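When we follow our numbering, the leftmost residue of the sequence shown carries the number 4, and every step to the right adds one.
Positions of the beta carbon are idealized from the N, C-alpha and C atoms, including for glycine.
On a predicted model such as this, the values are computed, not experimentally measured, just so you know.
These notes are about the structure you will find just below.
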Amino acid sequence: MRAFSNGQQDTFLNAFGQLIQTSTGSTFTGIVEVLPVSIEAAGGFIESTETYVTMRKDDLINADVAIGTVLIIDGVNQTIYNIEDDRSGMVNCYFRTSAGASFAEDY
Numbered sequence: 004m005r006a007f008s009n010g011q012q013d014t015f016l017n018a019f020g021q022l023i024q025t026s027t028g029s030t031f032t033g034i035v036e037v038l039p040v041s042i043e044a045a046g047g048f049i050e051s052t053e054t055y056v057t058m059r060k061d062d063l064i065n066a067d068v069a070i071g072t073v074l075i076i077d078g079v080n081q082t083i084y085n086i087e088d089d090r091s092g093m094v095n096c097y098f099r100t101s102a103g104a105s106f107a108e109d110y
């Protein structure tokens with residue numbers, strides 16, 4: 004995939020982004036997104052959503068963001084559990100509430 008130029012990244016983040024803070028005090032601009040998920044099961048459909056933040060790949064290093072990092076989004080602590088890099092210069096960091104972060108690991 005062809006990477007976005009810095010100017011294209013700036014345009015995208017300035018149009019749709021918001022300032023996001025980590026629990027360690029680092030900040031970056033990211034776009035909070037929600038992706039609907041549907042799974043067909045024997046008895047019907049299971050529907051849910053996945054939430055993620057799109058950010059510059061460079062900000063992973065600058066803001067020290069990694070799997071397990073706690074983001075503060077709209078006053079709620081969210082823990083990153085997956086990072087997707089499609090080589091566009093932007094990455095998607097999937098998160099869930101810190102209170103529910105261990106739910107999937109318990110089952």
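Selection from the options that minimises the alpha carbon distance to residue i
i	options	result
residue 84	62, 92, 53 and 66	53
residue 94	58, 80, 82 and 101	58
residue 87	20, 96 and 49	96
residue 79	37, 102, 33 and 45	102
residue 38	46, 60 and 51	51
Residue i and residue j closer than 8 Å at C-beta
i	j	result
residue 56	residue 35	yes
residue 31	residue 62	yes
residue 90	residue 6	yes
residue 23	residue 33	yes
Helix, strand or coil at residue i [DSSP, three-state]
i	result
residue 77	coil
residue 51	strand
residue 86	strand
DSSP beta-bridge partners of residue i
i	result
residue 41	50
residue 72	Residue 72 pairs with nothing; no bridge assigned.
task = Determine contact between the region 63–78 and the region 22–37, defined as no fewer than three beta-carbon pairs at a distance below 8 Å.
result = Touching, yes.
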